[in-house]
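In this note's numbering, the protein residues as written are 79 to 515.
All C-beta atoms, glycine included, are put in the ideal place defined by N, C-alpha and C.
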Amino acid sequence: MFIVRAFSFLRASSFALTALGMSILGPVAARATGPDLVPVQIGNIVNHGQDGTFQGYSVGVATCNLGDSPSWFCDADSPECAATDHPILVVNLYRVRRSLTGIGFDQIGMSWVQHLTASANGSLGKCGSCQAPPLGSRQLGAGCADTLTGAEASVRPLARRSTVNPATVSFPFPFISPLPTTPSEQRLRVARSDLDPAGNPGARFFLEVQVLAADDLAAGNSDNNFVYREVTVDPQNLDLIAVGPEVVGRPAIFAWRDVDPYVQLVRVEVPGTSPVEVFYVARAYFFCPTDDFGYHKYVIQNVNSDLAAQRWAIEFRSAGDWDPPEARTLPHHSGEPYATTPWVLEGCIFQERIMAMSCPTFAMDPDANALRWGTAFSFRADGDTSRASNLLRETFDLFKPWPVATVELTFPASRPQQFFSSDFETGDLRDWSGSEP
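The following block contains the structure:
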């Protein structure tokens, strides 16, 4: 085991960026009150090569303080701050891919936690004018940038996600982690089969960075702690190449809606939580009148909920027959304590009104494969009675005990839908009607 005590260094104030895209974030017009940490640029991406069936990557990131007060970047206890007073970040990778039933969205990669300490307090145009903080590298000043190159992000060990309470942004530091022995351990790890262009024709990929900081949260500025950017995959060596602009302040689940206008997306706050624990939930519906089948796709992204989620369900007014539902649950890796067991169907698929998939409850197994912070699970259910007009209720259940165990989803009343009016079996999706038959 390796104990990280002062894993920090002064990072360069300049930042190597690809020339393929600029952030959609414009000049800073008005600063938020207090610290406001926002990742604004995804820089160079280091490919660490093949690791069995996986590929490992590290990602350069630039983070701005868009607030009017310094943010803590401490790595040791002092009269002014504690060793745990600093931000953390994680990196995720998502894939958007078309199938016969429309466009789906899946998380295909995740990293362990990077601790950000010893700020460089550099200048970056989209951060505004850098105001040097009074305590130097122990703070990130208002309008200043902290930069992490891909090479610096490659340094290990990193910290387990399981050591973090994302709702309060609390964690141990120094942290204890095993020494990695393979190229992908603790880094952004992706199955090669999920990247290979030959096996994923037409797929698009989106890289996401999430930053969490306790002082940013306390100031009420934690709703914009994301950046995502599209990347392409080199078919020869599986390099990830950044393209297009960064999308600042939003999680990558928005990319699904950007690609597919039929996707609906809602922000969900868990009732009674303080600080507020947040999920995003997106859905899409496709109907084929040829065989009277409806196709429902859902993605649930856990932004910062320590309560996590362990069950997804959709309920209909009348029963019908179903194809076996599917759940894509990306497993944690590199020695996290969590189980990797897939979610399972509750009940059967014949003459059922409710389609539900779940993992064990917290009481059954505290380390079950729940939907934990910084991850997104995808679900699909297809049935012969699952027209949108027959849909009654959409829910997910929390994993840890909470007075409100079931969160009911409320989407806009007007639901965009796709309807296959011909050539469904051939995969030609160009001929769609605009209303349910």
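- When DSSP assignments are scanned along the segment 158-220, no uninterrupted stretch of alpha helix (DSSP H) that is 4 or more residues long falls wholly within it.
- Listed in chain order, the non-local C-beta contacts of PHE428 below 8 Å within the same chain comprise ASP399 and TRP400, local neighbours out to five positions each way being set aside.
- Within 10 angstroms of the beta-carbon of ILE120 lie 16 or more other beta-carbons, which makes it buried.
- For SER456, no alpha helix (DSSP H) segment is defined; the enclosing uninterrupted segment is the beta strand (DSSP E) at 453-461.
- Per DSSP, the unbroken beta strand (DSSP E) holding ASP129 starts and ends at 115-129.
- Look at GLY228 here: in three-state DSSP terms it is helix.
- Rounded to the nearest whole angstrom, the CA to CA distance from ARG238 to TRP451 is 12 Å.
- Assignment of ARG335 by DSSP, reduced to helix, strand and coil, places it in the helix class.
- Taking all protein chains in view, the Cβ of GLU347 is surrounded by fewer than 16 other Cβ atoms within 10 Å, so the residue is classified as exposed.
- VAL359 places its beta carbon less than 8 Å from that of ILE378.
- For LEU408, there is no enclosing alpha helix (DSSP H), as DSSP marks it with neither H nor E.
- Around the beta carbon of MET442, fewer than 16 other beta carbons sit within 10 angstroms, so the residue counts as exposed.
- Three or more Cβ pairs drawn from the segment 131-140 and the segment 258-278 lie within less than 8 Å of each other, which places the two stretches in contact.
- With respect to the C-alpha of PHE455, the residue from GLU424, PHE440, ALA483 and THR418 having the closest C-alpha is THR418.
- Between PRO117 and ASP370, the alpha-carbon positions lie close to 46 Å from each other.
- Just measuring C-alpha positions, the residue of GLY461, ASP384 and VAL422 sitting nearest LYS478 is ASP384.
- Looking at the backbone, the Cα of GLU414 and that of LEU408 are separated by about 13 Å.
- If you check the CB distance, PHE394 and THR179 do not come in under 8 Å.
- Among the bridge pairs identified by DSSP, TYR135 is matched with ASN125 and LEU266.
- Taken atom to atom, the span from the alpha-carbon of ALA446 to that of PRO403 is near 20 Å.
- Contact annotation, ASN278 with ARG406: C-beta distance approximately 14 Å; criterion of less than 8 Å not satisfied.
- If the five residues before and after ILE166 are omitted, its C-beta is found closer than 6 Å to the C-beta atoms of VAL191, HIS193 and LEU290, all from its own chain and listed in chain order.
- Here THR162 is buried, its C-beta having at least 16 other C-beta atoms within 10 Å.
- Here SER136 is near ARG265, since their CB atoms are less than 8 Å apart.
- Here ALA229 has VAL124 as same chain residues with Cβ atoms under 7 Å from its own Cβ, once five neighbours each way along the sequence are excluded.
- Going by DSSP, ALA296 is part of no beta strand (DSSP E) but of the alpha helix (DSSP H) stretching over 292-296.
- Annotated three-state conformation of ARG345 is strand, per DSSP.
- Contact annotation, PRO258 with PRO235: C-beta distance approximately 6 Å; criterion of less than 8 Å satisfied.
- Between ASN199 and GLY187, the C-beta spacing is not below 8 Å.
- DSSP places ASP401 in the coil class of the three-state scheme, outside both helix and strand.
- Counting along the chain, GLN379 sits inside the beta strand (DSSP E) bounded by residues 371-380.
- Here SER189 is near VAL168, since their CB atoms are less than 8 Å apart.
- Residue environment for GLY350: exposed (fewer than 16 other C-beta atoms within 10 angstroms of its C-beta).
- Segment contact: the segment 209-229 against the segment 149-164, three or more CB-CB distances shorter than 8 Å; contact assigned.
- In the structure shown, SER149 falls within a strand segment according to DSSP collapsed to helix, strand and coil.
- The three-state reading of DSSP puts THR141 in strand, counting E and B together.
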